[in-house]
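**Student:**
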Amino acid sequence: MQENTGAGYPGDAGVTDDFALAGVPDAFQRLWTPHRMAYIKGGQHQFKNENDCPFCVGPGRTDEEALIVYRGRTCYVVLNLFPYNPGHLLVCPYRHIPDYTDLTLEETAEFADLTQTGMRVLRKVSNAAGFNLGMNQGVVGGAGISAHLHQHIVPRWGGDGNFFPIIAQTKAITQTLDEVRQQVADAWPGETDAE
0 MQENTGAGYP
10 GDAGVTDDFA
20 LAGVPDAFQR
30 LWTPHRMAYI
40 KGGQHQFKNE
50 NDCPFCVGPG
60 RTDEEALIVY
70 RGRTCYVVLN
80 LFPYNPGHLL
90 VCPYRHIPDY
100 TDLTLEETAE
110 FADLTQTGMR
120 VLRKVSNAAG
130 FNLGMNQGVV
140 GGAGISAHLH
150 QHIVPRWGGD
160 GNFFPIIAQT
170 KAITQTLDEV
180 RQQVADAWPG
190 ETDAE
């Protein structure tokens with residue numbers, strides 16, 4: 000007879016494998032990173048206006064100081080100051096807007112074009128085998144800076160994901176941000192360079 004805990008679940012004696020209570024197992028491996036919650040929750044208040052927003056302040060600096068690799072008409076491309084991988088780019092509109100639906104048609108077109116160009120350039124300079132593209136919309140969506148829209152372009156290579164960042168809170172980056180910025184900026188096509 001199966002032990003009953005009173006909550007409608009079998010007791011320990013009724014559990015025959017690791018997945019009995021969870022239903023059908025899936026193929027996902029889960030990596031829990033509770034330390035990331037401090038990043039997600041922290042700092043949101045400090046970037047509510049354009050004077051404090053790093054994505055608004057950056058374009059007023061030199062490309063080298065701000066790590067900007069390309070300036071377009073309505074949007075620009077910058078290296079992520081805290082990259083997941085070398086060459087991790089961000090596409091940002093100049094306007095201080097929080098949501099993708101706030102982009103104008105002109106901004107949307109350039110935003111998409113710069114994303115595609117960023118991927119092409121990263122393939123050229125670093126032989127990226129794949130990419131993670133994404134926008135975290137809102138604080139609950141995981142945005143570190145939710146007040147200013149930005150799209151991540153993260154280059155990926157086979158075997159680039161390991162547990163060192165989780166175990167040691169350390170990410171091995173093979174080049175300095177200055178070196179990567181210069182390499183990507185030099186490879187960025189000019190106005191007459193059609194790809």
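Per numbering that gives the first Met the number 0: the sequence shown = residues 0 to 194. For each residue, glycine too, the CB sits at the ideal point set by N, CA and C.
(1) Identify, in the order they occur along the chain, each residue of the same chain with its Cβ nearer than 8 Å to the Cβ of CYS197, setting aside the five sequence neighbours on each side.
(2) Assuming contact is defined by CB atoms lying nearer than 7 Å, are THR173 and PRO85 in contact in what I supplied?
(3) So, at 6 Å on beta carbons, what are the nonlocal neighbours of TYR69 in its own chain, with the 5 sequence-adjacent residues on each side left out?
(4) Can you check the stretch 43 to 71 for any beta strand (DSSP E) of at least 3 residues that lies completely inside it and give the ranges in chain order?
(5) Going along the chain, which residues of its own chain have a beta-carbon closer than 8 Å to the beta-carbon of THR103, five neighbours each way excluded?
(6) Would you mind listing the beta strand (DSSP E) stretches within the stretch 68 to 94 that are 3+ residues and don't spill past its ends, in chain order?
(7) At what residue ranges does the stretch 98 to 151 contain a whole run of the alpha helix (DSSP H), taking only runs of 4 or more?
(8) Checking the sheet assignment: what are the DSSP bridge partners for ARG155?
(9) To the nearest angstrom, report how far apart GLY59 and ASN50 are at their CA atoms.
(10) For TYR157 versus ALA127, is the C-beta distance shorter than 7 Å?
(11) Using the C-alpha atoms, what's the distance from GLN136 back to GLN150?
**Tutor:** The short version:
(1) Nothing in the structure corresponds to residue 197, since the chain is present only between 0 and 194.
(2) Locating residue 173 in the sequence shown gives position 174, counting from the first residue. Locating residue 85 in the sequence shown gives position 86, counting from the first residue. Yes. Within cutoff.
(3) One-based indexing of the sequence shown puts residue 69 at position 70. Excluding positions up to five away in sequence, the list reads VAL76 and TRP187.
(4) 67 to 70
(5) The residue given as residue 103 occupies position 104 in the sequence shown. These residues qualify, in order along the chain: THR73.
(6) 74 to 78 and 88 to 92
(7) 104 to 125
(8) Taking the first residue of the sequence shown as 1, we reach residue 155 at position 156. Looking at the DSSP assignment, ARG155 forms a beta bridge with GLY129.
(9) Here residue 59 corresponds to residue number 60 of the sequence shown, with the count starting at 1. Here residue 50 corresponds to residue number 51 of the sequence shown, with the count starting at 1. Going from the Cα of GLY59 to the Cα of ASN50 covers about 11 Å.
(10) Here residue 157 is taken as the residue at index 158 of the sequence shown, counted from 1. Here residue 127 is taken as the residue at index 128 of the sequence shown, counted from 1. Residue 157 is actually Gly in this sequence, not Tyr. The answer is no: Cβ separation not under 7 Å.
(11) Walking along the sequence shown from the start, residue 150 turns up at place 151. Walking along the sequence shown from the start, residue 136 turns up at place 137. Answer to the nearest angstrom: the Cα atoms are 10 Å apart.
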